[in-house]
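S.K.: Below you'll find the structure I mean.
Protein chains: 2
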Amino acid sequence: MPYGKVDELAINTIRTLAVDATFKANSGHPGAPMGMAPVAHVLFNKFMTFNPKNPNWLNRDRFVLSNGHGCMLQYALLHLFGYALTIDDLKNFRQVDSITPGHPEAHDTPGIEVTTGPLGQGFSNAVGLAVGQAHTAAVFNKPGFDLVNNYTYCFFGDGCAMEGIASEAASTAGHLQLGNLICIYDDNHISIDGDTKIAFTEDVMKRFEAYGWHTLWVKDGDNDLEAIEAAIAKAKEVKDKPSMIKLTTTIGFGSKLQGTGGVHGNPLKSDDIKQVKAKFGFDPEKTFVVPQEVYDMYHEHASQGAAAEQEWNQLFEKYGKEYKDLHADLTRRLTRDLPEGWQNKLPTYKPTDPAVASRKLSESVLEAIHDVIPELVSGSADLTGSNNTRWKKAVDFQPPSLGLGDYSGRYMRYGVREHAMAAIMNGMSAYGTIIPAGGTFLNFVSYAAGAVRLSSLSHQRVIYIATHDSIGLGEDGPTHQPVETLAHFRALPNMMVWRPADGNETSAAYYMALTSKQTPSILALTRQNLPHLECSTIERAIKGGYVAHEDQEAGLTLVSTGSEVGLCLEAVKVLKEQHGIKTRVVSMPCVEVFDAQSKEYRLSVIPDGIPAMSVEVMSTLGWEKYSHEQFGLNRFGASGPYKEVYKKFEFTPEGIAKRGVATVEFYKDVKPLRSPINRAFTQLI
Amino acid sequence: MPYGKVDELAINTIRTLAVDATFKANSGHPGAPMGMAPVAHVLFNKFMTFNPKNPNWLNRDRFVLSNGHGCMLQYALLHLFGYALTIDDLKNFRQVDSITPGHPEAHDTPGIEVTTGPLGQGFSNAVGLAVGQAHTAAVFNKPGFDLVNNYTYCFFGDGCAMEGIASEAASTAGHLQLGNLICIYDDNHISIDGDTKIAFTEDVMKRFEAYGWHTLWVKDGDNDLEAIEAAIAKAKEVKDKPSMIKLTTTIGFGSKLQGTGGVHGNPLKSDDIKQVKAKFGFDPEKTFVVPQEVYDMYHEHASQGAAAEQEWNQLFEKYGKEYKDLHADLTRRLTRDLPEGWQNKLPTYKPTDPAVASRKLSESVLEAIHDVIPELVSGSADLTGSNNTRWKKAVDFQPPSLGLGDYSGRYMRYGVREHAMAAIMNGMSAYGTIIPAGGTFLNFVSYAAGAVRLSSLSHQRVIYIATHDSIGLGEDGPTHQPVETLAHFRALPNMMVWRPADGNETSAAYYMALTSKQTPSILALTRQNLPHLECSTIERAIKGGYVAHEDQEAGLTLVSTGSEVGLCLEAVKVLKEQHGIKTRVVSMPCVEVFDAQSKEYRLSVIPDGIPAMSVEVMSTLGWEKYSHEQFGLNRFGASGPYKEVYKKFEFTPEGIAKRGVATVEFYKDVKPLRSPINRAFTQLI
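Read top to bottom, the protein sequences are chains A and B. When you read off a place in the first sequence, starting at 1, and then add 4, the result is the number in the working numbering. When you read off a place in the second sequence, starting at 1, and then add 4, the result is the number in the working numbering.
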């Protein structure tokens with residue numbers, strides 16, 4: 005059917021809604037929605053299958069607005085198609101507690117797949133969503149049951165194209181031959197600083213071709229709906245490559261300032277709005293107008309989506325009769341619950357077991373549980389042998405044509421691309437059928453900070469396996485030794501930072517990481533061997549902090565994590581024998597989980613009346629919350645055999661004892677000596 | 005002169021030194037040095053001009069080993085050419101307190117230009133070094149005085165090629181047409197996970213062509229010295245494009261495991277070492293052998309470099325007679341001192357001056373000082389109008405052919421490439437004649453965390469102008485509102501994090517940032533307007549923390565930063581009038597600088613006997629060090645007009661007062677109530 009009046013009307017409705025909402029909010033980005041309304045209309049109304057009444061239907065097509073500042077485009081579409089997003093929500097654009105915040109947030113708004121805005125993230129999430137589809141299809145589809153065949157569509161702009169994370173993700177997607185991924189590049193030549201020619205003169209299409217993408221160019225993205233449709237249709241035909249459609253558009257199409265930076269990040273002026281509306285045949289005096297025929301057309305499309313879901317439900321029911329186990333598995337995965345009894349597979353250890361590095365303990369967990377948690381997909385940013393992220397029988401997730409694995413494989417080779425790895429994992433998690441875990445050195449989780457932050461903000465159950473967690477990595481030296489990293493991620497809301505001290509604590513960290521459906525985790529793991537503690541159990545460790553060594557007559561509490569807990573236990577002897585001080589030791593593998601325990605419990609772990617000293621071989625920042633005094637490393641580390649490096653910085657039983665004595669001495673006269681757990685008021689959460 | 009025996013001997017000397025050092029250290033990466041020894045030999049001995057006796061000579065050619073794990077290559081070269089790096093230093097490879105750490109560190113080792121190892125950084129630093137050369141040449145070169153004409157050479161491997169930061173930097177270098185930059189890509193097909201085909205199948209040369217680079221391919225990098233020489237010579241001829249030479253090599257050339265991942269990150273086995281040495285004509289039983297003719301050849305080249313420097317010194321002296329001011333300027337820049345009296349240009353403010361956003365105050369500083377500090381080069385990652393980083397008369401640093409500026413321009417258009425911006429600034433700073441300052445939103449400094457860390461570790465005077473520093477940015481919402489960011493960078497050693505409260509504090513922040521020759525700074529600046537404080541002066545603020553409101557009878561100290569200091573001053577009234585509590589207010593724009601003051605001073609600011617409460621609208625992590633109780637935001641923010649957002653989280657005079665009252669109440673019974681400045685022991689620095 006050729007495009008006509010009602011299509012034009014729909015496009016201009018999207019444009020004027022974006023104009024009105026940004027004007028009312030006195031804030032926001034009208035330019036991208038005005039420029040991309042035509043392609044959005046064609047894509048959503050001609051290609052995408054979705055049911056606004058059930059935004060969680062598994063086989064829906066996914067849409068990602070990587071240039072998330074243009075979110076009024078997306079909010080307008082969600083409203084027009086009938087998602088639970090009212091015209092009042094549009095009027096509340098960018099207001100406190102609205103579901104239409106300044107950038108799209110997956111957790112809060114129905115129909116938003118992933119949280120975007122920080123540039124490059126959405127594009128990389130889209131790669132993850134496409135990985136999710138390819139993997140889920142490979143695992144569950146059967147002859148006659150094409151259960152999972154959705155596409156992932158992504159809009160991105162010049163900003164995303166410039167970001168390194170998107171380069172990493174694009175190279176990955178090309179390697180993986182993700183034919184289910186179609187990305188539309190809004191080539192509008194404008195970024196915040198003005199014409200992109202001041203900083204961005206590369207040949208973007210050629211670059212994507214170099215990555216192995218199929219590329220297309222629509223030269224008149226403002227008007228040529230047929231060409232847009234033809235390009236998307238052609239992209240869908242190419243099954244062994246992701247497609248990038250370069251769409252040349254005019255930012256702020258219709259505005260007097262169209263094609264300039266003036267429409268990028270500021271609402272249109274009142275008189276400009278009037279001329280825009282008049283030009284588009286809208287009443288210049290009215291705001292937030294939606295012609296009924298636009299609702300009708302889009303609701304008709306939505307009802308086709310609802311019918312498609314119903315059909316799919318029937319297919320899935322029938323599938324359940326032929327493939328009972330797979331049906332049950334997929335049904336369970338969609339609840340995000342784990343299989344019953346899975347936790348019985350978690351390894352446990354006795355104090356007499358040989359000392360093992362926690363990165364190896366992590367490997368043992370993966371080896372033990374990968375069979376019972378089929379949704380677990382591991383991987384590494386090219387540090388497989390160092391991160392110990394791969395179970396022995398793992399198959400790589402690879403395009404079958406390379407002969408190195410297939411799409412049902414559960415091991416991702418992310419390459420040396422930490423930032424994209426994190427964002428791809430966010431997308432995989434958002435797909436809904438996968439729990440992604442990915443490894444790199446703890447120090448290089450910082451490369452991924454932008455995406456790790458979004459794991460937290462968007463409540464993705466993503467597991468960062470972060471090995472080589474301290475100066476304990478030794479010879480690689482300060483460039484690779486994290487000092488500030490744990491403080492950084494402990495300050496990040498909705499992130500669990502685990503630094504287990506031994507085998508049982510490592511199992512506990514995985515238990516919590518896997519069962520916390522709305523929270524990502526960083527597991528900070530050692531390169532060096534660690535002894536197993538006397539008192540550790542999974543049950544105790546999943547409280548985040550517990551007493552690893554009790555003494556009813558203690559004059560000092562040591563609070564420690566990971567590799568330093570064992571040192572503290574040795575320091576106990578020195579303190580007693582050389583200084584006559586009886587000492588308790590608290591192992592605190594995860595402060596965030598400890599914070600969630602009852603005050604009574606927390607006070608039993610770090611009680612009143614006894615001075616507490618923290619011991620962790622990195623920045624002391626934040627440890628004041630759990631201790632009166634802090635022993636740490638507020639400087640960069642050193643290159644050398646790890647025992648030598650520990651010695652250099654006095655992280656020895658004697659070095660700990662020396663500071664413990666000073667702590668006891670210092671607090672002798674303070675009455676009452678309150679536990680740091682006691683606070684004057686509760687923090688807002 | 006054709007290549008002969010002695011060249012081969014030199015190459016194999018480099019290889020065996022790398023083999024011996026990694027074996028002795030029982031740690032390290034022999035593969036890259038063995039594979040890249042031929043190109044290193046040709047490059048250093050045929051092309052590079054440098055004087056090992058003065059590694060700081062301005063016009064030396066720069067060399068960057070971006071694949072820094074291969075640093076035994078570089079250490080061997082430095083030793084062989086006669087830098088202050090002895091054979092014993094090679095034997096001390098990767099030992100505590102050696103000058104040959106596991107990855108090259110600029111600050112500690114003569115002849116190392118930049119700190120590398122974290123992949124992609126060195127490549128991006130090389131772009132910065134090339135920018136430094138182009139800019140310095142444009143400013144200082146005159147007819148007959150080609151003072152500055154050095155090249156920057158960089159080796160990089162597959163790991164660097166995969167990292168997003170290198171993609172960003174490569175795109176930037178192509179745009180900037182940096183013909184003085186020649187990068188050699190070690191195409192050895194091996195990364196840690198094995199064959200690069202498992203994750204990296206893109207066409208790297210085509211990608212670099214898309215960026216606007218000149219590309220060349222040497223197919224036999226193991227043996228064809230003539231081809232290597234010809235390629236580098238050809239690259240030097242191309243003046244308007246950076247060059248990338250793809251050099252196909254065999255990793256671990258000579259080892260029984262050559263061409264495999266087995267030689268990447270582990271020392272060779274003893275028997276393999278013996279066969280390598282035998283194959284190369286070395287005594288299998290001897291270690292760390294350097295044939296005299298190798299020393300002779302390299303020392304001869306070094307003496308040519310010394311002569312070149314001497315000649316240059318004469319030229320520079322002559323230049324001084326014709327261009328007295330420029331000569332004086334360049335001479336001064338090389339000392340890293342600022343021009344005398346520059347600080348008199350810093351703006352100062354009275355309390356009656358109108359409220360201004362600190363991002364605008366920062367702009368006023370730049371406007372006021374750019375004339376007197378000609379080495380200051382500003383820029384932004386595509387947020388110029390938001391970061392307010394550009395003075396009115398600024399000229400862009402651009403290739404002249406684009407007609408948008410020239411290489412003498414002092415304003416960098418980094419594009420939306422935060423990570424590369426930071427690493428390029430590290431390179432610009434390392435060049436020695438520039439103080440780079442670059443802007444982005446504070447939240448997106450996190451995208452650059454990998455490079456920011458290296459600013460600190462390698463002691464670069466780089467200034468991050470980080471605007472939109474909190475929920476105070478308002479409508480853009482949680483995706484853009486930093487919460488964890490200041491805690492992150494406060495935990496980073498050798499970093500000054502400034503969050504000024506008003507005009508005088510903003511000037512103080514710049515004063516410290518510009519005069520701290522060995523320390524980078526992050527200036528966290530507001531989007532919203534701030535009133536000027538009664539008590540602020542530059543002199544007080546450069547102590548990092550000072551009393552902004554004193555009361556001899558105070559029962560409470562509020563410790564605050566930036567936009568919340570003004571709120572605290574309002575809270576003083578509420579506390580007095582409604583609760584009868586007299587309150588002191590401390591403004592603490594930079595905790596790191598405050599920490600460096602005398603204990604006496606610090607105790608005068610946060611005294612014993614009075615409970616202190618910190619007030620900062622982000623993670624409270626770390627504030628326990630300066631206060632007994634903390635009021636902050638340990639969750640993500642919200643999208644809305646900023647005053648509404650502040651209200652939602654109770655960051656109002658009343659919200660502060662309420663918690664202040666609770667704090668006073670809570671500490672009533674504690675005797676003695678010590679200032680948190682008092683500690684039981686001193687941290688190791």
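Just so you know, even glycine gets a beta-carbon here, dropped at the ideal spot from N, CA and C.
In its own chain, which residues sit with a C-beta less than 7 Å from the C-beta of L229 (chain B), not counting the 5 before and 5 after it?
M.R.: By one-based count along the second sequence, residue 229 (chain B) stands at place 225. Excluding positions up to five away in sequence, the list reads Y7, D11, P42, V46.
S.K.: Could you give the distance in angstroms between the alpha-carbon of K9 (chain B) and the alpha-carbon of L220 (chain B)?
M.R.: Taking the first residue of the second sequence as 1, we reach residue 9 (chain B) at position 5. Taking the first residue of the second sequence as 1, we reach residue 220 (chain B) at position 216. One C-alpha to the other measures close to 27 Å.
S.K.: Taking K273 (chain A) as the reference, give the member of A:E538, A:M166, A:M516, A:P34 with the closest Cα.
M.R.: The residue you call residue 273 (chain A) lines up with position 269 of the first sequence. Out of A:E538, A:M166, A:M516, A:P34, A:P34 has the C-alpha closest to the C-alpha of K273 (chain A).
S.K.: Roughly how many angstroms lie between the CA atoms of Q601 (chain B) and K547 (chain B), to the nearest whole one?
M.R.: By 1-based counting over the second sequence, the position of residue 601 (chain B) is 597. By 1-based counting over the second sequence, the position of residue 547 (chain B) is 543. Spanning the two alpha carbons is a distance of roughly 7 Å.
S.K.: What residues in its chain sit with their C-beta under 7 Å from that of L342 (chain A), if we drop five residues either side in the sequence?
M.R.: In the first sequence, counting from the first residue as 1, residue 342 (chain A) sits at position 338. Taken in chain order, the residues that qualify are I377, L518, T519.
S.K.: Just to confirm before moving on: does the CB-CB distance between Y605 (chain B) and N508 (chain B) stay below 8 Å?
M.R.: Stepping through the second sequence from its first residue, residue 605 (chain B) is reached at position 601. Stepping through the second sequence from its first residue, residue 508 (chain B) is reached at position 504. It is not a contact, given that the beta carbons lie outside the stated cut-off.
S.K.: For I689 (chain A), which residues in the same chain have their Cβ closer than 6 Å to its Cβ, ignoring the five residues on either side in sequence?
M.R.: As a working mapping, residue 689 (chain A) is identified with position 685 in the first sequence. Note that I689 (chain A) scores 49 on pLDDT, short of 50, meaning its location in the model is unreliable; the coordinates nonetheless yield the value given after this. Within the same chain, I689 (chain A) has no close Cβ partners at all.
S.K.: For F67 (chain A), name the three-state secondary structure that DSSP assigns.
M.R.: Here residue 67 (chain A) is taken as the residue at index 63 of the first sequence, counted from 1. DSSP, reduced to helix, strand and coil, places F67 (chain A) within a strand of the structure shown.
S.K.: Give me the Cβ distance between L387 (chain B) and I196 (chain A), rounded to the nearest whole Å; I'm assuming they're in contact under 8 Å.
M.R.: Here residue 387 (chain B) refers to the residue found at position 383 when the second sequence is read from its first residue. Here residue 196 (chain A) refers to the residue found at position 192 when the first sequence is read from its first residue. L387 (chain B) to I196 (chain A), Cβ: 6 Å. Contact.
S.K.: Measure the C-alpha to C-alpha separation of Y418 (chain B) and G383 (chain B) and round it to an integer number of angstroms.
M.R.: As a working mapping, residue 418 (chain B) is identified with position 414 in the second sequence. As a working mapping, residue 383 (chain B) is identified with position 379 in the second sequence. Taken atom to atom, the span from the alpha-carbon of Y418 (chain B) to that of G383 (chain B) is near 7 Å.
S.K.: Could you say if the segment 179 to 190 of chain A and the segment 237 to 249 of chain A meet the contact criterion of at least three C-beta pairs nearer than 8 Å?
M.R.: yes
S.K.: Check distances from the C-beta atoms of the segment 25 to 48 of chain B to those of chain A and list, in chain order, the residues that come in under 9 Å.
M.R.: A29, N30, S31, G32
S.K.: My understanding is that K431 (chain B) touches V131 (chain B), with C-beta atoms under 8 Å, so please give their C-beta distance in whole angstroms.
M.R.: The residue labelled residue 431 (chain B) in the question sits at position 427 within the second sequence. The residue labelled residue 131 (chain B) in the question sits at position 127 within the second sequence. In the sequence under discussion, the amino acid at residue 431 (chain B) is Gly, which differs from the Lys named in the question. About 6 Å; that satisfies the 8 Å criterion.
S.K.: Return helix, strand or coil for W221 (chain A), following the three-state DSSP convention.
M.R.: Numbered from its first residue, the first sequence carries residue 221 (chain A) at position 217. Strand, per DSSP.
S.K.: Would you say I689 (chain A) reaches chain B, if we count a Cβ-Cβ gap shorter than 8 Å as a contact?
M.R.: Against the first sequence, residue 689 (chain A) aligns to sequence position 685. Its pLDDT being 49, under 50, I689 (chain A) is placed unreliably by the model, and nothing is read from it.
S.K.: Helix, strand or coil for H208 (chain B), going by three-state DSSP, please let me know.
M.R.: Position 204 of the second sequence, counting from 1, holds the residue named residue 208 (chain B). Per the sequence presented here, residue 208 (chain B) reads as Val, with His not at that position. V208 (chain B) falls in the helix class under three-state DSSP.
S.K.: Suppose you measure from the CA of D612 (chain A) to the CA of P486 (chain B); what does that come to, to the nearest Å?
M.R.: Locating residue 612 (chain A) in the first sequence gives position 608, counting from the first residue. Locating residue 486 (chain B) in the second sequence gives position 482, counting from the first residue. Each residue's alpha carbon lies about 34 Å from the other.
S.K.: Quickly, what does DSSP pair M416 (chain A) with across the bridge? List them, please.
M.R.: Translated into the one-based positions of the first sequence, residue 416 (chain A) becomes position 412. Paired residue(s): A:G383.
S.K.: At what residue ranges does the segment 21 to 63 of chain B contain a whole run of the beta strand (DSSP E), taking only runs of 3 or more?
M.R.: Whole beta strand (DSSP E) segments, 3+ residues: zero.
S.K.: Is the CB of P56 (chain A) under 8 Å away from at least one CB in chain B?
M.R.: Translated into the one-based positions of the first sequence, residue 56 (chain A) becomes position 52. So, not an interface residue.
S.K.: When the Cα atoms are used, what is the spatial distance from R544 (chain A) to V563 (chain A)?
M.R.: The residue labelled residue 544 (chain A) in the question sits at position 540 within the first sequence. The residue labelled residue 563 (chain A) in the question sits at position 559 within the first sequence. Going by the C-alpha atoms only, they are around 15 Å apart.
S.K.: Opposite I439 (chain B) in the DSSP bridges: which residues?
M.R.: What you label residue 439 (chain B) is simply residue 435 of the second sequence in a count that begins at 1. Paired residue(s): B:L380.
S.K.: If you measure beta-carbon to beta-carbon, which residues of the segment 107 to 121 of chain B are closer than 8 Å to chain A?
M.R.: H107, E109, T119, T120, G121
S.K.: Can you tell me whether DSSP reads C695 (chain B) as helix, strand or coil?
M.R.: For chain B, the structure presents residues 5 to 689; residue 695 (chain B) sits outside this window and is missing.
S.K.: Any idea if I91 (chain A) is buried or exposed, counting beta-carbon neighbours within 10 angstroms, 16 or more meaning buried?
M.R.: Position 87 of the first sequence, counted from the first residue, corresponds to residue 91 (chain A). Label assigned to I91 (chain A): exposed.
S.K.: Does any residue of chain B have a CB that is nearer than 8 Å to the CB of H463 (chain A)?
M.R.: Locating residue 463 (chain A) in the first sequence gives position 459, where the first residue counts as 1. False, the Cβ-Cβ gap to chain B never drops below 8 Å.
S.K.: Residues of chain B with a CB under 9 Å from the CB of Q99 (chain A): which are they?
M.R.: The residue given as residue 99 (chain A) occupies position 95 in the first sequence. From the beta-carbon of Q99 (chain A), the residues of chain B found nearer than 9 Å are E479, S643, G644, P645, E648.
S.K.: Which residue or residues does DSSP assign as beta-bridge partners of K675 (chain A)?
M.R.: In the first sequence, the residue the question calls residue 675 (chain A) occupies position 671. Beta-bridge pairing links K675 (chain A) to B:K675.
S.K.: Does V609 (chain B) pass the burial test, meaning 16 or more other C-beta atoms within 10 Å, or should it be called exposed?
M.R.: By one-based count along the second sequence, residue 609 (chain B) stands at place 605. Result: buried.
S.K.: Taking only beta-carbon atoms, is Q308 (chain B) less than 8 Å away from chain A?
M.R.: On the second sequence, residue 308 (chain B) is found 304 positions in, with the first residue counted as 1. No, no contact with chain A.
S.K.: At the level of alpha carbons, what is the spacing between F448 (chain B) and G584 (chain B)?
M.R.: As a first step, residue 448 (chain B) is located in the second sequence; it is residue number 444 there, counting from the start. As a first step, residue 584 (chain B) is located in the second sequence; it is residue number 580 there, counting from the start. Between F448 (chain B) and G584 (chain B), the C-alpha separation is close to 43 Å.
S.K.: Touch check for the segment 564 to 576 of chain A and the segment 647 to 658 of chain A: three-plus C-beta pairs under 8 Å?
M.R.: yes
S.K.: Can you tell me whether Q318 (chain A) is helix, strand or coil according to DSSP?
M.R.: Position 314 of the first sequence, counting from 1, holds the residue named residue 318 (chain A). Here Q318 (chain A) sits in helix by DSSP.
S.K.: Does any residue of chain A have a CB that is nearer than 8 Å to the CB of F685 (chain B)?
M.R.: In the second sequence, the residue the question calls residue 685 (chain B) occupies position 681. Closer than 8 Å to some Cβ of chain A, the Cβ of F685 (chain B) qualifies, so yes.
S.K.: Rounded to whole angstroms, what is the Cα-Cα separation between R465 (chain A) and R457 (chain A)?
M.R.: Along the first sequence, read from residue 1 onward, the residue named residue 465 (chain A) stands at position 461. Along the first sequence, read from residue 1 onward, the residue named residue 457 (chain A) stands at position 453. C-alpha separation (whole angstroms): 13 Å.
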